[in-house]
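Residue numbers (the numbering used here): 4 to 596.
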């Protein structure tokens, strides 16, 4: 097996050469235990002098979309309530979904979320009539706001005030006292993953407050706003601006706004003027970027790439030599046009390889975006093994055995993320578990611990599912004493009862990783959670593999569920979310037979 040199095989990203004709510097994969320095990832990137790229929500938000977008390719998410319904409950649910679906690939609790509100900056009075929306939005735990129609500098002053607590005093002599009231911070602090007192300190506007985690932006969208832009964009408290090409074009009499080429001169010149004012005042300029112009737009001074274009973001990030410390090598198995392949995953791009990654593979030259394919379980195991009572909590009053205790599950139990788990007709509910899964990379038999460790290819996420024994007894009208260990073990063999994936991480440090199990049903208002840490495992992975290799031969692609500390009940309609820190997320829905 070739494992130690994987990190060095893919340091030149071939796809970028195809897109741009250039060869870019090596990508550094060294620090895979990167810890975010800020709550707001976008600010963290700005402080690295890196452009950022955003994506709009796909629909109207809500919990399920939050789960889906937690692993987005984008640096931040635009949540639009200027053109879509004003619904703070749905926004709150969306933020909850981001937390439950996170952390992000960069390790942040959620992506940055910027909300566009329907309150306008046309004049001071019209803004004050809608200023309550700012407090309502910030109370959901978002990270910034984008104000449309920023025509009147006095309205923008009120906008900045409404986002600040009065305890923050920077530039108060210019923009006045903050008007955000105490009491709306509790849920927001939970979303940010910090204590309430810390939230009150950090919930201020950046870069005016260098420790702030909130960013405010404005849209200069008509000639009157442009006339006042010199004063507006000099106000302390703003972080970014755009010239709103469609609305600007609309204000000039173009029915379609004409934001796309050929852009009317009046619109184009307005954009250039706003860009120069942003440079003068240290603001970040937002404008559309495409794969074929992102490099020139960056050179011009665009710092926020609009357009929800993932390919443009990919080209732009490599053009600015964005060597992010959270980059990871990971592998997947996927289906595209009914063909199944293995792939090396870099960011949101899959580089197809000619065989399973634990063999000496070659790249085929084919690439796909993750969103274009169906992700399958990332290996095809001959053996699926689970461990019993493998966490410290199971042996609080007794000494655990010296060797592991195990059980086997059939190949038919293997499945992947986002697949439905159909209950067998013999039970009405199941128990679900969050587990670190060991992936074997070579044939191993009677191995000592050093040999066993070398045989481990990597790790992934798993959900060891078992039919609920009490449910089985009740459905089959048996006596309660019929519930025994044999029955409980037997109910682990159901079809699709071993979902795992979606990726295998070959170089990740498995130790001291927080994990979380969530069972949620938004229609019923149900949410149960259990958290733990891999540091509470009794047996090290090398010990687990060594013990099991003395019982049976382990083969490349075999998987071992390393145990858990608690199971949760799941019923039809429930969604089960399993996440391990730094290792993406595994999601499955339980359905009735």
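Ideal Cβ placement from N, Cα and C applies to all residues, glycine included.
Here the structure is a predicted model, which is why all the values come from computation and not from measurement.
Residue 118 and residue 2 - do their beta-carbons sit closer together than 7 angstroms?
As shown, the chain starts at 4 and ends at 596. That puts residue 2 outside it, with no answer to give.
What residue range does the alpha helix (DSSP H) around residue 516 cover?
Residue 516 -> no alpha helix (DSSP H), and no H or E assigned at all.
If we count Cβ pairs, one from each stretch, closer than 8 angstroms, do we get three or more for the segment 553-569 versus the segment 292-303?
no
Residue 304 and residue 292 closer than 7 angstroms at C-beta
no
With DSSP as the reference, please indicate the residues paired to residue 501 in a beta bridge.
417
Segments assigned beta strand (DSSP E), at least 3 residues, entirely inside the segment 431-465:
433-435, 438-443, 459-465
CB-CB under 8 angstroms to residue 94, same chain, minus the five flanking residues each way: which ones, in chain order?
64, 82, 84, 118, 140, 143, 145
DSSP-derived helix/strand/coil call for residue 17:
Here the model assigns residue 17 a pLDDT of 34, short of 50, so the residue's position is not dependable, and the following value carries that caveat. Of the three classes helix, strand and coil, the one that applies to residue 17 here is helix, per DSSP.
Please go through the segment 57-118 and give each complete alpha helix (DSSP H) segment of 4 or more residues, from N-terminal end onward.
66-72, 91-104
For residue 361 and residue 463, I'd like the C-alpha separation in whole angstroms.
14 angstroms
Could you tell me which whole alpha helix (DSSP H) segments of length 4 or greater appear in the segment 177-240?
189-195, 199-205, 226-230, 232-235
Assign residue 401 to one of three DSSP states: helix, strand, or coil.
coil
Just to confirm, is the Cβ distance from residue 275 to residue 247 under 7 angstroms?
no
Collapsed DSSP secondary structure at residue 525 in the structure displayed:
coil
In chain order, what residues of the same chain have a beta carbon less than 7 angstroms from the beta carbon of residue 171, not counting five sequence neighbours either side?
181, 207, 212
Can you give the beta carbon distance from residue 150 to residue 133, rounded, assuming they're within the 8 angstroms contact cut?
Contact doesn't hold; Cβ gap of about 10 angstroms is too wide.
CA-to-CA distance, residue 71 to residue 321, given in whole angstroms:
25 angstroms
Cα separation between residue 278 and residue 288?
6 angstroms
Between 589, 548, 324, which lies nearest to residue 52 when the distance is taken from Cα to Cα?
324
Using beta carbons (cut-off 7 angstroms, strictly below), is residue 252 in contact with chain C?
This model lacks chain C altogether; it includes just one protein chain.
Does DSSP put residue 542 in a helix, in a strand, or in coil?
coil
To which residues of the same chain is residue 357 closer than 6 angstroms at the C-beta, ignoring the five residues directly before and after it?
364, 365, 367
Going along the chain, which residues of its own chain have a beta-carbon closer than 7 angstroms to the beta-carbon of residue 215, five neighbours each way excluded?
205, 207, 208, 209
Decide yes or no for the touch test of the segment 334-344 against the segment 589-596: beta carbon pairs closer than 8 angstroms, at least 3 of them.
no
Rounding to the nearest angstrom, what Cα-Cα distance links residue 475 and residue 412 in this structure?
19 angstroms
Give the secondary structure of residue 147 by DSSP, where H, G and I count as helix, E and B as strand, and everything else as coil.
strand
Opening and closing residue of the beta strand (DSSP E) in which residue 344 lies
342-349
For residue 245 and residue 69, I'd like the C-alpha separation in whole angstroms.
26 angstroms
Within 7 angstroms, strictly: CB atoms of residue 597 and residue 472
Outside the displayed span of the chain (4 to 596) sits residue 597, for which this structure offers no information.
What does the alpha-carbon distance come out to for the pair residue 239 and residue 527?
46 angstroms
Quick check on this structure: which residue in 281, 458, 268, 545 has the alpha carbon closest to the alpha carbon of residue 599?
No answer is possible for residue 599: it lies beyond the span of the chain, which begins at 4 and ends at 596.
With H, G and I counted as helix, E and B as strand and the rest as coil, what does DSSP make of residue 242?
coil
Tell whether a beta-carbon distance below 7 angstroms holds between residue 584 and residue 516.
yes
Check whether the segment 442-457 and the segment 401-415 touch, using three or more Cβ-Cβ pairs below 8 angstroms as the test.
no
Is the distance from the Cβ of residue 115 to the Cβ of residue 43 below 7 angstroms?
yes
Nearest-angstrom Cα separation, counted from residue 105 out to residue 152
34 angstroms
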